[in-house]
Structure formats: C-alpha cells, structure tokens
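In our numbering, the protein residues as written are 2 to 278.
The structure appears below as structure tokens.
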Ligand code: SF4
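This is the structure in structure tokens:
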C-alpha cells in the first residue's frame with residue numbers, strides 16, 4: 002500500500018529529504034513527534050526578539066530596546082510546551098537567556114536595525130507548483146535604499162565553512178523563488194545572517210537562472226517523494242547528521258523498525274490532521 006503524500010514542501014522539508022529520505026518520512030509522513038531541542042528553542046526565541054524589535058519605529062531599535070524585546074520573547078518561550086519540555090535547571094535557564102542575549106549583541110555587530118526598512122517579518126509565503134503547495138516563512142523582507150527587495154534569514158547556529166557556503170546558499174534561492182511567485186518581484190539580494198559563533202552575513206544575488214534552477218530542483222524532489230511514497234521506499238542515509246537525529250530508535254541503520262514509527266505517528270495525530278502536510 003502506498004504511503005500518503007505530504008501536501009506541501011518547505012525549504013526545511015526539501016533539505017531533510019536530500020539529507021535522508023527516511024528521516025523525511027518519519028517527520029513529514031509519519032509525523033513522529035520530535036523532542037524539543039535547546040538550539041531550536043533558543044533560535045525561535047531570538048527570532049521572536051528580532052521580530053518584536055522590528056515592530057518598533059526605526060529610531061527605537063536600540064540595543065536597550067532589543068534587550069526588552071528579548072525579555073518579552075523569553076516570557077513567551079517559557080509559557081510554551083517546547084521550552085517547558087527542555088526541563089532546564091535554574092543554571093541552564095540562565096545560560097539559555099545569556100546565550101540568547103549574546104546572539105542579539107552579535108546581531109548589532111552585523112547591522113544597524115535603525116537603517117532597515119522592513120516590509121514584513123515572519124511572513125508565510127505559499128504558492129503552487131503544479132499540484133504541489135510550496136511554502137516558506139521569510140524571517141524578514143525589506144526594501145533597500147534603491148527600493149529593491151531584500152530577504153533576510155537569521156541563523157542561530159554556527160556559520161558554515163567556506164566549503165559549505167554554497168550549499169547553504171542553495172536553500173535561500175527557495176525564498177527568492179517564493180517572493181517572485183507570490184509578490185511578483187524578484188529580490189535583489191538574499192542574505193543569511195549568522196548570529197552564532199563567528200557571526201557573519203552571507204549574501205547572494207538571485208538570477209533568472211538560479212530561480213528557474215530552484216523551481217526545477219523542487220519539482221524533481223517532489224517527483225522523488227511521490228515515487229518513494231508509491232513504492233514505500235524511503236531509505237536511510239547515514240551521515241554525521243545521525244548524531245542529532247531524533248528518529249534513531251526507529252531507523253534500520255541503528256537496528257530500529259520503521260513500522261513501529263508509523264504506528265506511533267498515527268497514534269499521536271488527531272484524525273483531522275492526518276492529511277495535513
Ligand atoms: S538515524 Fe541517520 S539514517 Fe537513520 S533516519 Fe536518522 S538521519 Fe536517517
């Protein structure tokens with residue numbers, strides 16, 4: 002029996018499928034719940050603080066105001082299941098807040114937010130590619146001094162090495178593609194702003210060729226997902242990423258049984274959500 006197709010693709014799902022088809026299946030098809038991770042929750046909190054900062058008037062976007070935004074973002078995080086699921090000790094919670102504050106300090110070392118003209122933050126853009134719904138959330142969309150669009154994606158992990166740079170930039174063309182499709186304008190620039198150790202901004206200029214290339218790549222990945230679902234063939238691909246994979250216990254490469262994951266995922270999903278992608 003064929004596996005159900007996910008109903009949408011996002012940049013993170015595309016990259017999960019490319020990294021390991023079986024991890025994609027566990028996440029996007031079986032919908033196995035994943036335990037919260039400290040880096041992910043911290044990243045969400047820093048994103049929220051920056052979102053709040055950019056809701057203020059340009060002149061008010063100072064480091065002091067950013068610290069207040071972080072306090073508000075931390076309060077929101079503490080109310081959430083993911084933060085609570087981390088079960089942090091008092092010392093760990095203090096370290097969490099301190100790390101987030103350092104990321105915001107690094108942010109101010111990369112740009113002056115008073116000079117940015119945001120059009121929107123945390124914008125969900127969706128479009129169809131054939132029957133496929135393609136969607137992504139843009140951290141920040143702004144206009145530069147020439148009135149051109151710029152997409153900014155904050156990254157709270159470690160900056161890539163020079164050798165990894167191009168592969169990391171591959172994903173940002175997805176956002177350029179979404180902008181062109183949904184807003185009818187191709188961004189002049191897409192930038193990845195790394196706020197982890199060795200903070201830096203990596204920039205690329207989308208072109209007709211890069212956007213058409215991304216469109217073809219997404220279509221090819223979708224065809225591969227369709228084939229994998231039809232034949233129930235999602236193979237494990239071991240790599241260093243296995244060390245952080247939440248699904249090791251169900252992965253045959255580590256002695257697990259994927260069918261157990263399927264049953265668990267089905268049990269965890271309310272019936273109305275089973276077709277959601
Ligand atoms: S443990 Fe590795 S091979 Fe197995 S599903 Fe996770 S990423 Fe894929």
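Ideal Cβ placement from N, Cα and C applies to all residues, glycine included.
Should residue i and residue j be called a contact, given that it needs their Cβ atoms to be closer than 8 Å?
i, j, result
"residue 160", "residue 199", "yes"
"residue 12", "residue 30", "no"
"residue 136", "residue 126", "yes"
"residue 50", "residue 70", "yes"
"residue 18", "residue 25", "yes"
"residue 86", "residue 34", "no"
"residue 173", "residue 10", "no"
What span of residues does the beta strand (DSSP E) with residue i cover, start to end?
i, result
"residue 190", "190 to 195"
"residue 138", "133 to 144"
"residue 233", "Premise fails: residue 233 is in no beta strand (DSSP E) and is neither H nor E."
"residue 126", "118 to 130"
"residue 155", "150 to 156"
Is the closest heavy atom of the ligand SF4 to the C-beta of residue i under 7 Å?
i, result
"residue 204", "no"
"residue 19", "no"
"residue 33", "no"
"residue 238", "yes"
"residue 178", "no"
"residue 23", "yes"
"residue 255", "yes"
Suppose you measure from the CA of residue i to the CA of residue j; what does that come to, to the nearest Å?
i, j, result
"residue 190", "residue 139", "13 Å"
"residue 155", "residue 203", "11 Å"
"residue 20", "residue 208", "26 Å"
"residue 274", "residue 63", "Confidence at residue 274 is low in this model, with a pLDDT of 44, below 50, so its placement is unreliable and no value can be given for it."
"residue 212", "residue 175", "8 Å"
"residue 80", "residue 68", "19 Å"
"residue 58", "residue 150", "20 Å"
"residue 276", "residue 5", "Unreliable positioning characterises residue 276 in this predicted model, as indicated by a pLDDT of 34, which lies under 50. The coordinate reading is nonetheless provided below. Distance between the alpha carbons of residue 276 and residue 5: 8 Å."
"residue 153", "residue 242", "25 Å"
"residue 249", "residue 260", "13 Å"
"residue 272", "residue 231", "Because residue 272 carries a pLDDT of 43, less than 50, the predicted location of this residue cannot be relied on, and no value is offered for it."
"residue 131", "residue 214", "16 Å"
"residue 188", "residue 229", "34 Å"
Give the single residue among the options whose Cα lies nearest to the Cα of residue i.
i, options, result
"residue 61", "96, 15 and 113", "113"
"residue 235", "15, 122 and 226", "226"
"residue 197", "158, 173, 178 and 256", "158"
"residue 195", "177, 162, 239 and 178", "162"
"residue 52", "40, 220, 92 and 117", "117"
Assuming residue i is part of the alpha helix (DSSP H), what are its boundary residues?
i, result
"residue 45", "39 to 55"
"residue 84", "82 to 87"
"residue 17", "12 to 20"
"residue 91", "91 to 111"
Would you verify that the beta carbon of residue i is, or is not, closer than 8 Å to some beta carbon of chain B?
i, result
"residue 115", "The structure shown contains no chain B, having only a single protein chain."
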